[in-house]
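Enquirer: In this note's numbering, the protein residues as written are -11 to 517.
Cβ coordinates follow ideal geometry from the N, Cα and C atoms, glycine included.
Bear in mind the structure is a predicted one, so any value in this text is a computation, not a measurement.
What follows is a structure written as structure tokens; I'll ask about it next.
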Ligand SMILES: Cc1cc2nc3c(=O)[nH]c(=O)nc-3n(C[C@H](O)[C@H](O)[C@H](O)COP(=O)(O)OP(=O)(O)OC[C@H]3O[C@@H](n4cnc5c(N)ncnc54)[C@H](O)[C@@H]3O)c2cc1C
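Okay, here's the thing in structure tokens:
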């Protein structure tokens, strides 16, 4: 048994590494145990084919909290994000819509489809950005505790109440619409052109098992407007060297403050004596003890696997089992021997240096969801594609390129049973390549290597229950003081000395770092270590 640690972090995802870095910076003796050979979890870079470094899962960054970059000096440790400027929507009739960072350019493009939408678009962007700033009040603090009368909690609620009140009546009403409406209903209030609404609405369904017409998806839309890169709201970018570059910067920072990090170290169980966590045992039988144990794993893995039902109250077990995962996304990563050009805009230009949304109409998106509802992957799915090698040449050999395709819908629970996903993996990959080939002539002849990740693969490889990309759906009933379960939404679990720091806690998924940071600060404030 090896001991003497103040804290052991189970899992080396970016949140686990950030949590470790903050604790180590405060002078605590910290050990991180990661089951895989590589750090990063869903924010990981791997060279799967010689010379090609893939962002295997997450592929773009926006939500990462700027103050964490400053406080942990991440730029010094290798954090570098290159902003992207365009969002291209190719259409089956050979036309396309490109939205740019430059508002005038976007207006010109949108006016080809609707003059009215072109006029409204800048105002919509301004208001959503404003709402996104309000969301900062929510995501940069622990979730409020609505049951507590402690002064600190009441002050927290007052701060939030004031931020909402300061919105004024119009924006307050809009905020209520955002948390209750469907992404499409919300956009319908502003725009008329489907060519614009379809690619905008998909931000509302990312990582959820819902369609763009499902109530509550407008909130997920807002979640995607909360991002900040270099102080500019609503910007997305590529992490240099893939999203694993961010995780490596967090790991480097943690090590620089003295944290110890072990890979190939899968944790089997949290050790519990007299109801209190005091260590972990690895799958190889090695034991480590510490004053505090922190799990970077999702709520299901943490409570039901690491702790085990026998150590939990029935009510906690019920709540954890009710938490919805329902993975709905997959990923297809391609190594290509040349640049994939789109028939709608031939040539290689800035339009290929952003994201490319295959979302030509609302009906297209709804049909894709219909197939998932009845237990099949979409044959013509929504795809969000990027070619990171055009912006960051370090990820592919000269002249070669990566085409990364994030795909919805790929339901975890296919009608044949999730365990049968491996039989359908290549057919799913073919559906994605066939769909992309409708827009990229000659795509199939360019492919040097293909990786297909179904939600079952995401679960097996990354430990994400049911392949949910956010460690649990971002639906309203699973947010704030309900994430992951009511009564334990402030990083503490129901087991004394065991905390959680992953995306399954407030404020939720995405490469944000907030859960890791807020968990560490909660532990330090509690003075328990
Ligand atoms: C396919 C996909 C695409 C995505 N795209 C984007 C995107 O473009 N932009 C964005 O912002 N977000 C995206 N996300 C979401 C984002 O990547 C995640 O929300 C975030 O990376 C989660 O970080 P985390 O540290 O909370 O948890 P995780 O990354 O889940 O980390 C948990 C860690 O624990 C380790 N682990 C599991 N079990 C054990 C064990 N028993 N012992 C030890 N270690 C263990 C895992 O290997 C992993 O390293 C995507 C996710 C996926 C899966």
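In chain order, which continuous runs of the beta strand (DSSP E) of length 3 or greater are located wholly inside the segment 449 to 479?
Expert: none
Enquirer: Residue 450 and residue 51 look like a contact to me (Cβ under 8 Å); what is the Cβ gap, rounded to whole Å?
Expert: The residue labelled residue 450 in the question sits at position 462 within the chain shown. The residue labelled residue 51 in the question sits at position 63 within the chain shown. Going by Cβ atoms, the distance from residue 450 to residue 51 rounds to 19 Å, so no, they are not a contact pair.
Enquirer: Between 63, 142, 412, which has its C-alpha nearest residue 54's C-alpha?
Expert: Looking up residue 54 in the chain shown gives position 66. Among 63, 142, 412, the Cα nearest to that of residue 54 is on 63.
Enquirer: With distances taken from CA atoms, which of 407, 301, 180 is nearest residue 455?
Expert: Against the chain shown, residue 455 aligns to sequence position 467. Minimum Cα distance to residue 455 is reached at 407.
Enquirer: I need the DSSP call for residue 155, collapsed to helix, strand or coil.
Expert: The residue you call residue 155 lines up with position 167 of the chain shown. Here residue 155 sits in coil by DSSP.
Enquirer: Rounded to whole angstroms, how far is the Cβ of residue 432 from the Cβ of residue 421, which I believe are closer than 8 Å?
Expert: As a first step, residue 432 must be located in the chain shown, where it is residue number 444. As a first step, residue 421 must be located in the chain shown, where it is residue number 433. So it is a contact: roughly 6 Å between Cβ atoms.
Enquirer: Return helix, strand or coil for residue 141, following the three-state DSSP convention.
Expert: As a first step, residue 141 is located in the chain shown; it is residue number 153 there, counting from the start. The answer is helix: DSSP assigns residue 141 an H, G or I state.
Enquirer: Taking 8 Å as the threshold, find out whether the segment 324 to 339 comes into contact with the segment 491 to 511 through three or more Cβ pairs.
Expert: no
Enquirer: Can you check whether the CB of residue 393 is closer than 8 Å to the CB of residue 373?
Expert: Numbered from 1 along the chain shown, position 385 holds the residue referred to as residue 373. Numbered from 1 along the chain shown, position 405 holds the residue referred to as residue 393. Going by C-beta atoms, residue 373 is nearer than 8 Å to residue 393.
Enquirer: Does the beta-carbon of residue 518 have 16 or more other beta-carbons within 10 angstroms, so that it is buried, or is it exposed?
Expert: Summary: the structure shown does not reach residue 518, with the chain confined to residues -11 through 517, and so no result is reported for it.
Enquirer: Count Cβ pairs between the segment 244 to 262 and the segment 294 to 301 that sit closer than 8 Å; are there 3 or more?
Expert: yes
Enquirer: Nearest to residue 376 by CA position, among 402, 92, 230, is which residue?
Expert: In the chain shown, counting from the first residue as 1, residue 376 sits at position 388. The shortest Cα separation from residue 376 among 402, 92, 230 belongs to 230.
Enquirer: Work out the CA separation of residue 329 and residue 391 for me, nearest whole Å.
Expert: Locating residue 391 in the chain shown gives position 403, where the first residue counts as 1. Locating residue 329 in the chain shown gives position 341, where the first residue counts as 1. Distance between the alpha carbons of residue 391 and residue 329: 11 Å.
Enquirer: Within a Cβ cutoff of 6 Å, which residues of the same chain sit near residue 279, ignoring the five residues on either side of it in sequence?
Expert: Numbered from its first residue, the chain shown carries residue 279 at position 291. If we look at residue 279 and ignore the five residues flanking it on each side, its Cβ neighbours are -6, 517.
Enquirer: So is the beta-carbon of residue 319 under 7 Å away from any non-hydrogen atom of ligand 1?
Expert: Sequence index remark: in the chain shown, residue 319 carries index 331 (1-based). Yes.
Enquirer: Which residues mark the beginning and the end of the alpha helix (DSSP H) in which residue 357 is found?
Expert: Here residue 357 is taken as the residue at index 369 of the chain shown, counted from 1. Under the DSSP assignment, residue 357 falls in the alpha helix (DSSP H) whose first and last residues are 350 to 361.
Enquirer: What number of angstroms, rounded off, separates the C-alpha of residue 153 from the C-alpha of residue 147?
Expert: Locating residue 153 in the chain shown gives position 165, where the first residue counts as 1. Locating residue 147 in the chain shown gives position 159, where the first residue counts as 1. Distance between the alpha carbons of residue 153 and residue 147: 10 Å.
Enquirer: Among the candidates 482, 308, 114, 178, whose CA atom is the shortest distance from the CA of residue 103?
Expert: Translated into positions along the chain shown, residue 103 becomes position 115. Residue 178 is the option with its Cα nearest to residue 103.
Enquirer: Under a Cβ-count criterion, where at least 16 other Cβ atoms within 10 Å of its own Cβ denotes burial, should residue 287 be classed as buried or exposed?
Expert: Translated into positions along the chain shown, residue 287 becomes position 299. Classification of residue 287: buried, given that the 10 Å Cβ count is 16 or more.
Enquirer: Taking 8 Å as the cut-off, does the segment 341 to 348 touch the segment 453 to 467 (at least 3 CB pairs, one atom from each stretch)?
Expert: no
Enquirer: Taking the straight line between their C-alpha atoms, what separation do you get for residue 491 and residue 497?
Expert: As a position in the chain shown, residue 491 is number 503, starting the count at 1. As a position in the chain shown, residue 497 is number 509, starting the count at 1. Taking the straight line joining both Cα atoms gives about 5 Å.
Enquirer: Enumerate in chain order the residues of its own chain whose CB-to-CB distance from residue 453 is below 7 Å, with the five nearest sequence positions on each side excluded.
Expert: As a position in the chain shown, residue 453 is number 465, starting the count at 1. Taken in chain order, the residues that qualify are 286, 288, 289, 313, 447.
Enquirer: Where DSSP assigns a beta bridge to residue -7, which residues make up the other side?
Expert: As a first step, residue -7 must be located in the chain shown, where it is residue number 5. Paired residues: 278.
Enquirer: Compute the minimum distance between the beta carbon of residue 450 and the heavy atoms of ligand 1, and state whether it is under 7 Å.
Expert: Walking along the chain shown from the start, residue 450 turns up at place 462. Yes, the Cβ of residue 450 comes within 7 Å of a heavy atom of ligand 1.
Enquirer: Which of helix, strand or coil does DSSP assign to residue 410?
Expert: One-based indexing of the chain shown puts residue 410 at position 422. In the structure shown, residue 410 falls within a helical segment according to DSSP collapsed to helix, strand and coil.
Enquirer: By Cβ distance below 6 Å, which residues in the same chain neighbour residue 127 in space, the five residues on each side in sequence not counted?
Expert: Numbered from its first residue, the chain shown carries residue 127 at position 139. For residue 127, where only same-chain residues beyond five positions count, the Cβ hits under 6 Å are 495, 502.
Enquirer: Please report the straight-line C-alpha distance between residue 217 and residue 262, rounded to a whole angstrom.
Expert: Taking the first residue of the chain shown as 1, we reach residue 217 at position 229. Taking the first residue of the chain shown as 1, we reach residue 262 at position 274. Caution applies to residue 217, whose pLDDT of 49 falls short of 50 and renders its modelled position unreliable; the value that the coordinates give is listed next. Taking the straight line joining both Cα atoms gives about 46 Å.
Enquirer: Name the DSSP bridge partner or partners of residue 371?
Expert: The residue given as residue 371 occupies position 383 in the chain shown. Answer by DSSP bridge pairing, in chain order: 346, 395.
Enquirer: Applying the criterion that 16 or more other CB atoms from any shown protein chain within 10 Å of the CB defines a buried residue, is residue 219 buried or exposed?
Expert: Translated into the one-based positions of the chain shown, residue 219 becomes position 231. Unreliable placement is indicated for residue 219, whose pLDDT of 47 sits below 50; the coordinate value is still reported in the next sentence. The residue in question, residue 219, is exposed, as its Cβ has fewer than 16 Cβ neighbours within 10 Å.
Enquirer: Once the 5 residues before and after residue 237 are set aside, which same chain residues still bring their CB inside 6 Å of it?
Expert: Looking up residue 237 in the chain shown gives position 249. Correct list, in chain order: 62, 65, 66, 67.
Enquirer: Quick check on this structure: which residue in 96, 125, 91 has the alpha carbon closest to the alpha carbon of residue 112?
Expert: Taking the chain shown and counting its residues from 1, the one referred to as residue 112 is at position 124. Selected option, being the one with the closest Cα: 91.
Enquirer: Please identify the residue among 360, 300, 303, 248 whose C-alpha is closest to the C-alpha of residue 276.
Expert: Working through the chain shown from its first residue, we reach residue 276 at position 288. Closest option to residue 276, Cα to Cα, is 248.
Enquirer: Between 13, 23, 471, which has its C-alpha nearest residue 271's C-alpha?
Expert: Position 283 of the chain shown, counted from the first residue, corresponds to residue 271. For the residues 13, 23, 471, the minimum Cα distance to residue 271 belongs to 23.
Enquirer: I'd like to know whether the C-beta atoms of residue 209 and residue 181 end up nearer to each other than 8 Å.
Expert: The sequence position of residue 209 within the chain shown is 221, counting from 1. The sequence position of residue 181 within the chain shown is 193, counting from 1. No, these two residues do not count as a Cβ contact at 8 Å.
Enquirer: Can you tell me the Cα-Cα spacing of residue 119 and residue 162, whole angstroms?
Expert: Residue numbering aside, residue 119 sits at position 131 when the chain shown is read from its first letter. Residue numbering aside, residue 162 sits at position 174 when the chain shown is read from its first letter. Roughly 9 Å separates the two Cα atoms.
Enquirer: With distances taken Cα to Cα, identify the nearest neighbour of residue 483 among 424, 299, 438, 338.
Expert: Position 495 of the chain shown, counted from the start, is the residue given in the question as residue 483. The residue from 424, 299, 438, 338 with its alpha-carbon nearest to that of residue 483 is 299.
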